[in-house]
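Just so you know, we're using this note's numbering here: the sequence shown kicks off at 648 and counts up by one. Cβ coordinates follow ideal geometry from the N, Cα and C atoms, glycine included. Since this is a predicted model, take the numbers as computed values, not measurements. All remarks here apply to the structure that follows.
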Amino acid sequence: MDEWARAHYGGHMPTVPPESAHTPIHQARQTAESFGSDPERYDRTRPRYPDDLVARIVGASPGPEILDVGCGTGIAARQFQAAGCQVLGVDPDARMADFARQRGLDAEVATFETWNDAGRQVDAIVAGMAWHWVDPIAGAGKAARVLRPGGLLAPFWYVFEPPTELGQAFTQVYQRVLPNSPFSGGPPMPGLARYSVIFDKATDGMRQAGVFSEAEQWRFDWERPYTKDEWLDMVPTAGGHSQLPDGQLDELLAGIGAAVDKAGGGFTMHYTAIVVAARARHT
648 MDEWARAHYG GHMPTVPPES AHTPIHQARQ TAESFGSDPE RYDRTRPRYP
698 DDLVARIVGA SPGPEILDVG CGTGIAARQF QAAGCQVLGV DPDARMADFA
748 RQRGLDAEVA TFETWNDAGR QVDAIVAGMA WHWVDPIAGA GKAARVLRPG
798 GLLAPFWYVF EPPTELGQAF TQVYQRVLPN SPFSGGPPMP GLARYSVIFD
848 KATDGMRQAG VFSEAEQWRF DWERPYTKDE WLDMVPTAGG HSQLPDGQLD
898 ELLAGIGAAV DKAGGGFTMH YTAIVVAARA RHT
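What follows is the structure, given as structure tokens:
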């Protein structure tokens, strides 16, 4: 399986890449900017991050000023605000940024690489499920310029791992409905194994910037029960799903719903979040 597919399949439901499978992740702009098609659904259904993840980052930051890269609707930003931080968001999708502003986040529209920092500096930079849309080398370099000395760069991701049999059933649905996608062959792999390419790219970018401490990985695990309707409500928020041809998303949802019905009408999803954290060493 190619790098793009491995990076975007968390063992539950793959992101569907409309661009070439050989496109570097951060250059897949069509998919990167597809999430804002329904920001209300995205904000309603996407899981929140564990409180101990937020607390670990806040505790490691030298101060309260945080930049949230790829802030989306402000899900993570609001959690950091609740923890006492002052948060500025940056997102390339005006629809997502507007939604975030309506809910109390100061959000600017730009890709991180082209964002005008206007000389501003922050204590920490975070990115929830978004740093893979940033050029890992250019992004780390810009982060080093925006961070104050000793500041923290801490992008993070969560990975889904459903019960084994249900995960296999989900994969079979995708194989049937999207037979030409990069996800149509082979058995499902563990979620963290599929996402490891993202963690490695983030780490390598920080290393190549030359001004960060060696990156650490912080792991957080939790579980959440889902009814069938709750899960089907979230599926369309996966990258690229809003771009599926007419009728194909309905077929996909019907197949996934049938699989959940067969499993008893609900299930418990295991989540694992990984933070890749490094500290700016410049003076």
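- Segments of 4+ residues assigned as alpha helix (DSSP H) that fall wholly inside the segment 693-761: With a minimum length of 4 residues, the unbroken runs of alpha helix (DSSP H) contained wholly in the segment 693-761 fall at 698-707, 722-729, 741-749.
- Query: Along the chain, where does the beta strand (DSSP E) that runs through M776 open and close?
  - Reply: Going by DSSP, M776 is part of no beta strand (DSSP E) at all; its letter is neither H nor E.
- Task: With DSSP as the reference, label P826 as helix, strand or coil.
- Result: Here P826 sits in coil by DSSP.
- Can you tell me the Cα-Cα spacing of G710 and A927, whole angstroms? Pairing G710 with A927, the inter-Cα distance amounts to about 13 Å.
- Message: Could you check whether the Cβ of D745 sits closer than 7 Å to any Cβ belonging to chain B?
- Response: This model lacks chain B altogether, as it is built from one protein chain only.
- Query: For G913, which residues does DSSP report across the bridge?
  - Reply: Residue pairing from DSSP places G913 in a beta bridge opposite T874.
- Message: Assuming the contact rule is C-beta atoms closer than 8 Å, V769 and L813 should be a hit. Round their C-beta distance to whole Å, please.
- Response: The Cβ separation is near 41 Å, so there is no contact.
- Item | Beta-carbon proximity list for P834, same chain, < 8 Å, skipping 5 on both sides | Summary for P834: the model assigns pLDDT 44, below 50, so the residue's position carries little reliability; its value from the coordinates is reported in the next sentence. Once the five neighbours on either side are set aside, the close Cβ partners of P834 are Q815, T818.
- Item | For Q864: DSSP bridge partner residues | Under DSSP, Q864 forms a beta bridge with V923.
- Task: Report buried or exposed for Q726, applying the criterion of at least 16 other Cβ atoms within 10 angstroms of its Cβ.
- Result: A residue is called buried when at least 16 other Cβ atoms come within 10 angstroms of its Cβ; Q726 meets this threshold and is buried.
- Beta carbon of G838, beta carbon of L879: below 7 Å? Cβ atoms of G838 and L879: not closer than 7 Å.
- With 16 as the cutoff for other CB atoms within 10 Å, does K789 come out buried or exposed? When all chains shown are included, K789 counts as buried.
- Query: Alpha carbon to alpha carbon, what distance is there between A757 and Y696?
  - Reply: Their backbone Cα atoms lie some 24 Å apart in a straight line.
- Message: Please state whether the Cβ-Cβ distance between Y842 and A920 is less than 7 Å.
- Response: Result no, Cβ atoms of Y842 and A920 do not sit closer than 7 Å.
- Query: Can you give the beta carbon distance from A787 to Q855, rounded, assuming they're within the 8 Å contact cut?
  - Reply: Right, their Cβ atoms sit about 7 Å apart.
- Message: Just to confirm my understanding: we take T884, look at its own chain, exclude 5 residues before and 5 after, and list those with CB closer than 8 Å. What are they?
- Response: F682, D685, R688, Y689, T692, R693, listed in sequence order.
- Message: Using only the alpha-carbon positions, how far apart do P809 and G775 sit?
- Response: Cα to Cα, the separation comes out at about 21 Å.
- Item | Closest residue to L752 among R742, G766, D764, G736 (Cα-Cα distance) | Comparing Cα positions, the closest option is G736.
- Between S889 and W780, what straight-line distance do the alpha-carbon atoms span, to the nearest angstrom? Spanning the two alpha carbons is a distance of roughly 18 Å.
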